[in-house]
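The structure under discussion appears below in the form of structure tokens.
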Amino acid sequence: MNQRLVLFAKYIVTMDRPQPIEDGFVLIQDSRVLQVGKREDFYFVPSLRMLDLGETVLLPGLINAHCHLDFTAFKGKVKYQGGFREWLRQMGMIGRATTSVEFKKSIEKGIKESLAYGTTTICDVASSWESYALLLKSALRSVVFFELIDMAQPSTAQYWKNFQTRLKSVLRLNPPTDTCGWGLSPHTPFTVSKELLQLAKHYLSDHRNISTTIHVAESREESRYFKKGSGPMADRIKVLNPIWTIPHGTTPVQYLSQNGWMPKLDLGVHLNEVNQRDLKSLAKNRTAVVHCPGSHAYFGHKKFPYAQMKKQRIPVCLGTDSLASNQSLSLFREMRLFKKNYPAVSFEEVLSLATVKPAQALGRGDELGKVKPGYLADLIGIPAPKSQRLKRNLYDYVVNYKKPVCFSMINGKPQLQLAVSKR
Ligand SMILES: [Zn+2]
173 MNQRLVLFAK
183 YIVTMDRPQP
193 IEDGFVLIQD
203 SRVLQVGKRE
213 DFYFVPSLRM
223 LDLGETVLLP
233 GLINAHCHLD
243 FTAFKGKVKY
253 QGGFREWLRQ
263 MGMIGRATTS
273 VEFKKSIEKG
283 IKESLAYGTT
293 TICDVASSWE
303 SYALLLKSAL
313 RSVVFFELID
323 MAQPSTAQYW
333 KNFQTRLKSV
343 LRLNPPTDTC
353 GWGLSPHTPF
363 TVSKELLQLA
373 KHYLSDHRNI
383 STTIHVAESR
393 EESRYFKKGS
403 GPMADRIKVL
413 NPIWTIPHGT
423 TPVQYLSQNG
433 WMPKLDLGVH
443 LNEVNQRDLK
453 SLAKNRTAVV
463 HCPGSHAYFG
473 HKKFPYAQMK
483 KQRIPVCLGT
493 DSLASNQSLS
503 LFREMRLFKK
513 NYPAVSFEEV
523 LSLATVKPAQ
533 ALGRGDELGK
543 VKPGYLADLI
553 GIPAPKSQRL
563 KRNLYDYVVN
573 YKKPVCFSMI
583 NGKPQLQLAV
593 SKR
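Numbering (the working numbering), first residue to last: 173 to 595.
Below, the structure is given as structure tokens:
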């Protein structure tokens, strides 16, 4: 049976129209938006549920394009002391010592925090794979990227065989749904072997429409490894896997390109260390880039080349990364940090990095990231501003909003509604 619901709100930031709507309504049928407009233009429809959100700014739900829910409970557990490889090694140690129950608790905490801060879609890289079943049951819309990493494996062929067996069994037990899909995430170009990149690439050729994400060109150490075949990363790999082929004279992006991966890569994460050729390759392959401002600041990486990417029309979106290298899973905070680093970028454009842009990067720009007829009803609400200045500058207000949201709806279902003053 068709369920119709109308939401009224003081302001609606649609990300579709140039100006926010004052005193607006959103008519929803089942999981999708049917109509958006001014309250005065709304005609009553029989058997309709109504929800007046009062002094609220309604906007599209935020999309976190990169997260590791597994590591929510790792906040403050690994200290970064200037060595990225060393940080990764310690993360691996803690990860191996974490039980399945502990991972589940960590993921649940992350889901709760994400919902509270207005995330409605999350791209989660799953190391433990526990997040898949939990996200499937949760309200969040999600893409769970099962992680591939064979750096310390004695046999890549056996690892890949086991990976596929596990994948089949997980998907048989919990088939994907309308709100929870899955993808593949080779961890990085330096922790996944050439052989595994080839196996995964062939798998993707046989299984179309599977999304992919990889951490690429994040740190100076990674750049050095690919350019000179030396440094802490090379030293560590020589210990773990003496027969590993260490690259030389290339960049992480070019290395992926040489291995035929660039046309397969949907979401490249980080891309702090890129040259002109890398940027051209990203643009040519329409690879979207996920920038994680909080995690970027934590590691003190080289300035993220936003202007150069924009010039090349490379879509950029925001992610939180994990709490092992960030303080919060709030995309509002990521937007604020981004704006601080790139003050010339408009507030509206900053908001698009957590709404419209990631929706496009996920190949869902025609149904996510906007409040628009035909789009999925993934909406959030925050209390409307009181000052006249902010009422005139709603994008500024939204980007600088610091508290949990007061309303959230995913797939047409309200998830959270805190008291807001009525008109
Ligand atoms: Zn990450």
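Ideal placement from N, C-alpha and C gives every residue a C-beta, glycine not left out.
Residue 332 sits in a helix when the DSSP states are folded into three classes.
Residues of the same chain with a CB within less than 6 Å of the CB of residue 498, apart from the 5 flanking positions on each side, are 466, 467, 492 in chain order.
The residues 321, 323, in chain order, have a CB closer than 6 Å to that of residue 363 in the same chain once the five nearest residues on each side in sequence are set aside. For residue 204, the beta-bridge partners assigned by DSSP are 201, 548.
In its chain, beyond the 5 residues on either side, 495 have a beta carbon closer than 6 Å to the beta carbon of residue 247. CA-CA distance, residue 208 to residue 584, rounds to 14 Å. For residue 236, the number of other beta carbons within 10 angstroms of its own is at least 16, and it is reported as buried. Annotation: residue 361 is outside any alpha helix (DSSP H) and is labelled neither H nor E by DSSP.
The DSSP-derived three-state label of residue 299 is coil. The DSSP-derived three-state label of residue 434 is helix.
Listed in chain order, the non-local C-beta contacts of residue 376 below 8 Å within the same chain comprise 356, 382, 384, 436, local neighbours out to five positions each way being set aside. Sequence-distant Cβ neighbours of residue 263 in its own chain, meaning closer than 8 Å and more than five residues away, are 243, 246, 250, 496. Across the structure, residue 552 and residue 224 are spaced so that their CA atoms are roughly 14 Å apart. In this structure, the CA atom of residue 478 is about 46 Å from the CA atom of residue 217. Straight-line measurement puts the Cα of residue 454 at about 30 Å from the Cα of residue 307.
Scanning 575, 537, 452, 515 for the CA closest to the CA of residue 489 turns up 537.
DSSP places residue 384 in the strand class (E or B) of the three-state scheme. For residue 456, the enclosing alpha helix (DSSP H) starts and ends at 448-456. Here residue 210 has 193, 195, 196 as same chain residues with Cβ atoms under 7 Å from its own Cβ, once five neighbours each way along the sequence are excluded.
In the DSSP assignment, residue 355 is bridged to 317, 383.
Set against 7 Å, the gap from the CB of residue 438 to the closest heavy atom of ligand 1 is not smaller.
In the displayed model, residue 577 falls within coil according to three-state DSSP, outside both helix and strand. Selection 579, 566, 586, 589 evaluated against residue 183 yields 566 as nearest (Cα-Cα).
In the structure shown, residue 408 falls within a helical segment according to DSSP collapsed to helix, strand and coil. Contact annotation, residue 542 with residue 265: C-beta distance approximately 43 Å; criterion of less than 8 Å not satisfied. In this structure residue 404 is in contact with residue 255, their Cβ atoms being roughly 6 Å apart against a cut-off of 8 Å. Look at residue 291 here: in three-state DSSP terms it is strand. Taking 8 Å as the cut-off, the beta carbon of residue 388 is found closer than this to the beta carbon of residue 424. Each residue's CA atom was taken as its position, placing residue 486 and residue 429 some 16 Å apart.
For residue 383, the shortest C-beta to heavy atom distance toward ligand 1 is 7 Å or greater. Judged by DSSP secondary structure, residue 232 falls outside any alpha helix (DSSP H) and instead within the beta strand (DSSP E) spanning 228-232.
Under the three-state reduction of DSSP, residue 533 is assigned to helix. Burial of residue 426 is indicated by the presence of at least 16 other C-beta atoms within 10 angstroms of its C-beta.
Where residue 560 is concerned, there is no enclosing beta strand (DSSP E), although the alpha helix (DSSP H) around it starts and stops at 560-564. Rounded to the nearest angstrom, the gap between the Cα atoms of residue 347 and residue 421 is 43 Å. Below 8 Å, too few C-beta pairs join the region 338-345 and the region 386-401 to call them touching: fewer than three.
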